[in-house]
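If you read the protein sequences in the order shown, they are chains A and B.
Heads up: the first sequence is residues 1 to 333, going by my numbering.
Heads up: the second sequence is residues 334 to 663, going by my numbering.
All C-beta atoms, glycine included, are put in the ideal place defined by N, C-alpha and C.
All values derive from a computational prediction rather than experimental measurement.
Reading through the structure tokens given below for one structure.
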Amino acid sequence: MPSLLRRRETALAGIVAVLVTAIAVRAPVFLSRGSLDTLVTDGAILAIMALAQLLALVTRGIDLSVAANMALTGMITALLSQAFPEMSIALTLALALGIGLVLGAINAGLIALLEMPPIVVTLGTMSIYRGLVFAISGGAWVNAHQLGPAFVAFPNERLLGLTHIVWIAAIVIVIEYVFFHHLRRGRELYALGGNAAAAQYVGIDAARVKLVVYLGTGALAGLSGYLWVARYAVAYTETALGFEMQTIAACVIGGVSIAGGRGTVAGCLLGTTFLVVIFNALPIIDVSPFWQMAISGASILVAVIVNSRGERRRGKRILAPAVSGAPRGGAPC
Amino acid sequence: MLSRHPGPGRSRWAVLKRWELVLLAILVAICAANSYASPYFLDVHNLLDSTQSFSEKALIALSMSLLIIGRDIDLSVAAIVALCSVVMGWLATQGVGMPGLLTASVVVGTAAGMFNGGIVVGFKVPAIVVTIGTVSLFRGIPYIVLGDGAYTDYPDDFAVLGQGYLFDLIPYAFVAFVVLAAVFAVVVHKTTIGRKLYAYGTNPEAARYSGINVDAYRFWMFAVNGCMAGLAAAFLTSRVGATRPNMAFGWDLEVVAIVVLGGVGIAGGTGTMTGVILAIFVMGMMTFGLGLINVPGILMTIVVGILLITAVALPIALRKISAWRARASH
Numbered sequence: 001m002p003s004l005l006r007r008r009e010t011a012l013a014g015i016v017a018v019l020v021t022a023i024a025v026r027a028p029v030f031l032s033r034g035s036l037d038t039l040v041t042d043g044a045i046l047a048i049m050a051l052a053q054l055l056a057l058v059t060r061g062i063d064l065s066v067a068a069n070m071a072l073t074g075m076i077t078a079l080l081s082q083a084f085p086e087m088s089i090a091l092t093l094a095l096a097l098g099i100g101l102v103l104g105a106i107n108a109g110l111i112a113l114l115e116m117p118p119i120v121v122t123l124g125t126m127s128i129y130r131g132l133v134f135a136i137s138g139g140a141w142v143n144a145h146q147l148g149p150a151f152v153a154f155p156n157e158r159l160l161g162l163t164h165i166v167w168i169a170a171i172v173i174v175i176e177y178v179f180f181h182h183l184r185r186g187r188e189l190y191a192l193g194g195n196a197a198a199a200q201y202v203g204i205d206a207a208r209v210k211l212v213v214y215l216g217t218g219a220l221a222g223l224s225g226y227l228w229v230a231r232y233a234v235a236y237t238e239t240a241l242g243f244e245m246q247t248i249a250a251c252v253i254g255g256v257s258i259a260g261g262r263g264t265v266a267g268c269l270l271g272t273t274f275l276v277v278i279f280n281a282l283p284i285i286d287v288s289p290f291w292q293m294a295i296s297g298a299s300i301l302v303a304v305i306v307n308s309r310g311e312r313r314r315g316k317r318i319l320a321p322a323v324s325g326a327p328r329g330g331a332p333c
Numbered sequence: 334m335l336s337r338h339p340g341p342g343r344s345r346w347a348v349l350k351r352w353e354l355v356l357l358a359i360l361v362a363i364c365a366a367n368s369y370a371s372p373y374f375l376d377v378h379n380l381l382d383s384t385q386s387f388s389e390k391a392l393i394a395l396s397m398s399l400l401i402i403g404r405d406i407d408l409s410v411a412a413i414v415a416l417c418s419v420v421m422g423w424l425a426t427q428g429v430g431m432p433g434l435l436t437a438s439v440v441v442g443t444a445a446g447m448f449n450g451g452i453v454v455g456f457k458v459p460a461i462v463v464t465i466g467t468v469s470l471f472r473g474i475p476y477i478v479l480g481d482g483a484y485t486d487y488p489d490d491f492a493v494l495g496q497g498y499l500f501d502l503i504p505y506a507f508v509a510f511v512v513l514a515a516v517f518a519v520v521v522h523k524t525t526i527g528r529k530l531y532a533y534g535t536n537p538e539a540a541r542y543s544g545i546n547v548d549a550y551r552f553w554m555f556a557v558n559g560c561m562a563g564l565a566a567a568f569l570t571s572r573v574g575a576t577r578p579n580m581a582f583g584w585d586l587e588v589v590a591i592v593v594l595g596g597v598g599i600a601g602g603t604g605t606m607t608g609v610i611l612a613i614f615v616m617g618m619m620t621f622g623l624g625l626i627n628v629p630g631i632l633m634t635i636v637v638g639i640l641l642i643t644a645v646a647l648p649i650a651l652r653k654i655s656a657w658r659a660r661a662s663h
């Protein structure tokens, strides 16, 4: 299976490369420093949130509340920044992570302890959190001039040429990579998503794994909520509306199975890259941005169908030796 | 006796039966609170007019229930509404009249539903993934056609659909809902189609082995759902008299929330049409009541979310407590 996954990811990387080349031939400006810088910075938040969604999807769950969590955490931090413009960045980041964690804890408690279906729980909290953004802001916008200067500046400031947003995404990527591929706690997510009954028999505590997952998606959503509000320098009720679908799309395109147990950090990042390249290329190659939605929808469908064929071929290979007498060097039975 | 349906045991049946009573109690409480809050609530014209705000969603909730009972889901219904509406808008500019527009909307909706069902069944992909993809695809098309513009030139006779009244009293959308709710309730609870739906919703493998063509059923359930979304699109477009690409945004999740609130389990095989119909009225009357006392619609989503979670959490919590008690007494 690892080789199959690797092949899928190589194929996707190839597609992204062809896409970038085609766009660059049509509009060389796409590969300019400025354009690539925007691309990476735009992609950073989607990458963080796609990785958050990966946590849930791998365990056969889903978190539909991530975008609403981002909007609510973003709004709370923005209001705090308005009240205390001198609030330090360290405190802001801690608050964003903390608020996100609390919102995630509500999901985690309902899903892990009450064993409710994740889709229902996060659908509910999505409505609640989105409504709360309106409730606490009174429907008003918090604009750039009302926010503390450091609050707005931090994500776009640079370290070694890259924006802070990109560095934060890089840290998240490294942590998740180590977690998923080198820690037993991370491998347990695959076990639970792949076969919940078997996971239970080998002694994996499903409730604890789910707690970790939804606390994780919550904390990452909170962090991204602050980054989003600061990057676009505005907080309002519709912040990141519909963004949960993009995070799922990035995962699915990257070969993550919604049925659980399959998906890698690399695949997730390739899916993110694919979407971000398309979104950022459209205006450059003179295609109306209104095509964005239909194209991402079509990409998801193609990816989903390709995924399903990959899985079916795997099934056929198992049967082939028994039927045709293993012509291609199958193991002698 | 509409709530007769197969379940794993009598206890589950009793819980669901009780849930419908709970919904009824909530509905009565909401109506009482509404009439207390506003003297205008218990006016017949007002009440019937209020149905306009939820009849369209209610139509989709009927068919969405079938999908969820059968272990599927369609998150693209709101996008299908927008797609149908944009087709109607374009046809209206070509001089097509009301009957043609209505037909076109239903046909396009059904086709979109078949597209979903075809991919789900044909490629054996979970419905939730497919419809997350078609959400963007179906809503992307209106954006490509309209950008940030809108179609507003509808023929005069088209307005009757969403703004007209039967006997000068009952909005046509509500008439359609009442008739179709009866049809759905009978089909689900009194015919073999309904029995087979619960059978494969409870256990698709077992249903297949007992000779039910599960894939065909699932496909047609998607088609029916698309058809209902098309019908809802016609009523909505006629009511507001305009097509915008972002119309009906968020309806998909609202409809799912109604269905789940109505007691349909997301794991499939459980729930009744009675529960769903009660949930439709609970949501509709609550929105109307909050409107009467000038609560903004967005705050309503908080209440919807809490209701949705409570609806699912309560039976689970009760079961856990009784299991814990049983263990303690042994």
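Interface positions of the stretch 630-641 of chain B facing chain A (Cβ-Cβ less than 7 angstroms), listed along the chain: Those would be Ile631, Leu632, Thr634, Ile635, Val637, Gly638, Ile639, Leu641, in chain order.
Per-residue DSSP class, three states only, for Tyr505 (chain B): By one-based count along the second sequence, residue 505 (chain B) stands at place 172. Correct three-state label for Tyr505 (chain B): helix.
Assuming Lys390 (chain B) is part of the alpha helix (DSSP H), what are its boundary residues? Taking the second sequence and counting its residues from 1, one reaches residue 390 (chain B) at position 57. 385-402 is the span of the alpha helix (DSSP H), which, as asked, contains Lys390 (chain B).
Using 8 angstroms as the threshold, is the stretch 140-152 of chain A in touch with the stretch 636-645 of chain B, meaning 3 or more CB pairs across them? Taking a cut-off of 8 angstroms on C-beta distances, the stretch 140-152 of chain A does not touch the stretch 636-645 of chain B, as fewer than three cross pairs fall below it.
Using a Cβ-Cβ cut-off of less than 8 angstroms, list which residues of the stretch 439-463 of chain B approach chain A; keep chain order. Residues of the stretch 439-463 of chain B whose Cβ lies closer than 8 angstroms to any Cβ of chain A, in chain order: Ile452, Phe456, Lys457, Val458, Pro459, Ile461, Val462, Val463.
Would you give the residue range spanned by the alpha helix (DSSP H) that Asn280 (chain A) belongs to? Here residue 280 (chain A) refers to the residue found at position 280 of the first sequence. Segment 265-284, the alpha helix (DSSP H) holding Asn280 (chain A).
C-beta contact flag for Gly601 (chain B) and Thr535 (chain B) at 8 angstroms: As a working note, residue 601 (chain B) is residue 268 in the second sequence. As a working note, residue 535 (chain B) is residue 202 in the second sequence. Yes.
For Ala483 (chain B), the first and last residue of its enclosing alpha helix (DSSP H): Counting from one through the second sequence, the residue named residue 483 (chain B) turns up at place 150. Counting along the chain, Ala483 (chain B) falls outside any alpha helix (DSSP H), and DSSP gives it neither H nor E.
With a cut-off of 8 angstroms on the beta carbons, I'd call Val213 (chain A) and Leu55 (chain A) a contact; round off their distance for me. Here residue 213 (chain A) refers to the residue found at position 213 when the first sequence is read from its first residue. Here residue 55 (chain A) refers to the residue found at position 55 when the first sequence is read from its first residue. Their Cβ separation, rounded to whole angstroms, is 5 angstroms, which keeps Val213 (chain A) and Leu55 (chain A) in contact under 8 angstroms.
Would DSSP call Asn536 (chain B) helix, strand or coil? Indexing the second sequence from 1 puts residue 536 (chain B) at position 203. Residue state, collapsed to three classes: coil.
Taking the continuous alpha helix (DSSP H) assigned at Val589 (chain B), which residues delimit it? Residue 589 (chain B) sits at position 256 when you count from the first residue of the second sequence. 584-594 is the extent of the alpha helix (DSSP H) around Val589 (chain B).
Does Thr467 (chain B) have its Cβ less than 8 angstroms from a Cβ in chain A? The residue you call residue 467 (chain B) lines up with position 134 of the second sequence. Cβ-Cβ to chain A under 8 angstroms: yes for Thr467 (chain B).
Separation of Glu389 (chain B) from Phe621 (chain B), as counted between CA atoms: Position 288 of the second sequence holds residue 621 (chain B). Position 56 of the second sequence holds residue 389 (chain B). A straight-line Cα-Cα distance of about 15 angstroms links Phe621 (chain B) and Glu389 (chain B).
Taking the C-alpha atoms as reference points, what is the distance between Val276 (chain A) and Ala221 (chain A)? Working through the first sequence from its first residue, we reach residue 276 (chain A) at position 276. Working through the first sequence from its first residue, we reach residue 221 (chain A) at position 221. Distance between the alpha carbons of Val276 (chain A) and Ala221 (chain A) is about 19 angstroms.
With 16 other Cβ atoms within 10 Å as the buried cut-off, status of Pro475 (chain B): Numbered from its first residue, the second sequence carries residue 475 (chain B) at position 142. Pro475 (chain B) is buried by the Cβ-count criterion.
For Ala679 (chain B), go through chain A and note every residue whose CB falls closer than 7 angstroms to its CB, in chain order. Shown here, chain B extends from 334 to 663; a query on residue 679 (chain B) therefore has no answer.
For Ser657 (chain B), is the classification buried or exposed, using 16 other Cβ atoms within 10 angstroms of its Cβ as the cut-off for buried? As a first step, residue 657 (chain B) must be located in the second sequence, where it is residue number 324. Note that residue 657 (chain B) is Trp in the sequence shown, not Ser. So Trp657 (chain B) ends up on the exposed side.
Go through its chain and collect everything with a Cβ distance to Ile452 (chain B)'s Cβ below 7 angstroms, but skip five positions before and after it. Counted from its first residue, the second sequence places residue 452 (chain B) at position 119. Leaving aside the five residues that flank Ile452 (chain B) on each side, the residues in its chain whose CB is nearer than 7 angstroms to its CB run, in chain order, Val458, Val463.
Are Ile128 (chain A) and Ala44 (chain A) closer than 8 angstroms when you measure CB to CB? Counting from one through the first sequence, the residue named residue 128 (chain A) turns up at place 128. Counting from one through the first sequence, the residue named residue 44 (chain A) turns up at place 44. Not a contact, by the Cβ cut-off of 8 angstroms.
Here's a check: name, in chain order, each residue in its chain whose Cβ is nearer than 8 angstroms to the Cβ of Ser543 (chain B), leaving out the five neighbours to either side. Working through the second sequence from its first residue, we reach residue 543 (chain B) at position 210. Excluding residues within five positions, the ones whose Cβ falls inside 8 angstroms are Ala532.
On the three-state DSSP scale, how would you describe Val625 (chain B)? Within the second sequence, the letter at position 292 stands for residue 625 (chain B). Per the sequence shown, the amino acid found at residue 625 (chain B) is Leu instead of Val. Helix, per DSSP.
Residue range of the alpha helix (DSSP H) that includes Ser137 (chain A): The sequence position of residue 137 (chain A) within the first sequence is 137, counting from 1. Start and end: 118-137.
Tell me which residues share the same chain as Val209 (chain A) and place their Cβ nearer than 7 angstroms to its Cβ, disregarding the 5 neighbours each side in the sequence. The residue given as residue 209 (chain A) occupies position 209 in the first sequence. The answer, listed in chain order, is Thr59, Glu188, Leu189, Leu192.
Please tell me whether Tyr484 (chain B) has its Cβ less than 8 angstroms away from any Cβ of chain A. Translated into positions along the second sequence, residue 484 (chain B) becomes position 151. Interface flag for Tyr484 (chain B) against chain A is unset, since no Cβ pair is found closer than 8 angstroms.
Run the proximity test for Gly148 (chain A): is its beta-carbon closer than 7 angstroms to any non-hydrogen atom belonging to the ligand FMN? The ligand FMN is absent from the structure shown, which contains no ligand whatsoever.
Quick one: using the 10 Å Cβ neighbour count with 16 as the cut-off for buried, is Val377 (chain B) buried or exposed? Indexing the second sequence from 1 puts residue 377 (chain B) at position 44. Here Val377 (chain B) is exposed: its Cβ has fewer than 16 other Cβ atoms, across all protein chains shown, within 10 Å.
DSSP state of Asn195 (chain A) mapped onto helix, strand, coil: Your numbering for residue 195 (chain A) matches position 195 in the first sequence. Asn195 (chain A) falls in the coil class under three-state DSSP.
Between the Cα of Gly271 (chain A) and the Cα atoms of A:Val29, A:Ala47, A:Arg26, which residue gives the shortest distance? Looking up residue 271 (chain A) in the first sequence gives position 271. Closest option to Gly271 (chain A), Cα to Cα, is A:Ala47.
Assigned secondary structure, Thr576 (chain B) (DSSP; H/G/I helix, E/B strand, else coil): Numbered from its first residue, the second sequence carries residue 576 (chain B) at position 243. Strand, per DSSP.
Pairwise C-alpha distance: Leu211 (chain A) and Ser257 (chain A): Reading the first sequence from its first residue, position 257 is the one you call residue 257 (chain A). Reading the first sequence from its first residue, position 211 is the one you call residue 211 (chain A). Taking C-alpha positions only, Ser257 (chain A) is separated from Leu211 (chain A) by approximately 21 angstroms.
So with Cβ pairs under 8 angstroms, would you call Trp352 (chain B) a contact of chain A? Taking the first residue of the second sequence as position 1, residue 352 (chain B) is located at position 19. So no, Trp352 (chain B) is outside the interface.
With a 10 Å radius around its C-beta and 16 neighbouring C-beta atoms as the bar for buried, classify Thr467 (chain B) as buried or exposed. One-based indexing of the second sequence puts residue 467 (chain B) at position 134. Buried, since its Cβ has 16 or more Cβ neighbours within 10 Å.
By Cβ distance below 7 angstroms, which residues in the same chain neighbour Arg312 (chain A) in space, the five residues on each side in sequence not counted? In the first sequence, the residue the question calls residue 312 (chain A) occupies position 312. Residue placement at Arg312 (chain A) cannot be trusted, given a pLDDT of 49 that sits under 50; what the coordinates show is reported in the next sentence. No residues qualify anywhere along the chain.
So, are the CB atoms of Met421 (chain B) and Thr576 (chain B) less than 8 angstroms apart? The residue given as residue 421 (chain B) occupies position 88 in the second sequence. The residue given as residue 576 (chain B) occupies position 243 in the second sequence. Going by C-beta atoms, Met421 (chain B) is nearer than 8 angstroms to Thr576 (chain B).
Helix, strand or coil at Tyr236 (chain A) according to DSSP, with G and I counted as helix: What you label residue 236 (chain A) is simply residue 236 of the first sequence in a count that begins at 1. Here Tyr236 (chain A) carries a coil assignment [DSSP, helix/strand/coil].
Listing by chain order, which chain B residues have their CB less than 9 angstroms from the CB of Trp291 (chain A)? Numbered from 1 along the first sequence, position 291 holds the residue referred to as residue 291 (chain A). Identification of chain B residues near Trp291 (chain A) by a Cβ-Cβ cut-off of 9 angstroms yields Gly473, Tyr476, Ile477, ordered along the chain.
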